[in-house]
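Just below is one structure, and these are the notes that go with it.
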Amino acid sequence: DGDYVFVAGTTGYDYSTMTIARDVVAQAEQCFQNIQHALASAGSSLNDIVRVRYLFVAADDFARCAPVLRRYPGDVRPAATVQLTQLLDEKMLLEIEVTARVSGR
Numbered sequence: 147d148g149d150y151v152f153v154a155g156t157t158g159y160d161y162s163t164m165t166i167a168r169d170v171v172a173q174a175e176q177c178f179q180n181i182q183h184a185l186a187s188a189g190s191s192l193n194d195i196v197r198v199r200y201l202f203v204a205a206d207d208f209a210r211c212a213p214v215l216r217r218y219p220g221d222v223r224p225a226a227t228v229q230l231t232q233l234l235d236e237k238m239l240l241e242i243e244v245t246a247r248v249s250g251r
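This note's numbering numbers the first residue of the sequence shown as 147 and each following residue consecutively.
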């Protein structure tokens with residue numbers, strides 16, 4: 147029962163269109179879609195997340211994204227940390243990292 151998956155450096159980049167939205171809320175939604183895809187490929191899901199770290203460029207963006215952040219990762223609230231940082235690309239307004247249990251192992 148000690149199998150975990152670590153998803154780091156997830157941004158709001160939409161790989162299907164090779165674009166990134168200018169809006170932080172849209173980026174938050176896309177981050178979780180990217181995380182969901184990564185977790186599924188590792189045998190995990192959003193419901194298996196036990197830790198999440200939100201890295202925002204602007205402090206005010208956390209409040210704007212709160213409705214999205216409450217919707218994910220599911221009913222159980224994982225341990226969470228919010229940090230302010232500077233990201234490598236100025237179009238990136240946030241980054242999300244998660245740790246999740248691997249289901250069914």
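Glycine included, C-beta positions come from ideal geometry on N, C-alpha and C.
Remember, it's a predicted structure, so these values are computed and weren't measured experimentally.
1. Which one of V151, A174, F152 and D169 has the shortest CA to CA distance from R216?
2. Expressed to the nearest angstrom, what Euclidean distance is found between the alpha-carbon atoms of L192 and I181?
3. Just confirm the distance between the C-beta atoms of P224 and R197, as a whole number of angstroms; I'd bet it's less than 8 Å.
4. How would you call A212, buried or exposed, if buried means at least 16 neighbouring beta carbons within 10 angstroms?
5. Would you list the residues sitting across from R247 in a DSSP beta bridge?
6. Within this structure, are the beta carbons of Q232 and V203 separated by less than 8 Å?
7. Under the three-state reduction of DSSP, which class applies to E175: helix, strand or coil?
8. Can you name the start and end residues of the beta strand (DSSP E) that V214 belongs to?
9. Relative to the C-alpha of F208, which candidate in L239, T157 and V248 has its C-alpha closest?
Put simply:
1. A174
2. Approximately 8 Å between the Cα atoms of the pair.
3. 5 Å
4. exposed
5. Y150
6. Taking C-beta atoms as the reference points, Q232 and V203 count as a pair closer than 8 Å.
7. helix
8. Element bounds for V214: not the beta strand (DSSP E) but the alpha helix (DSSP H), D206 to R217.
9. L239
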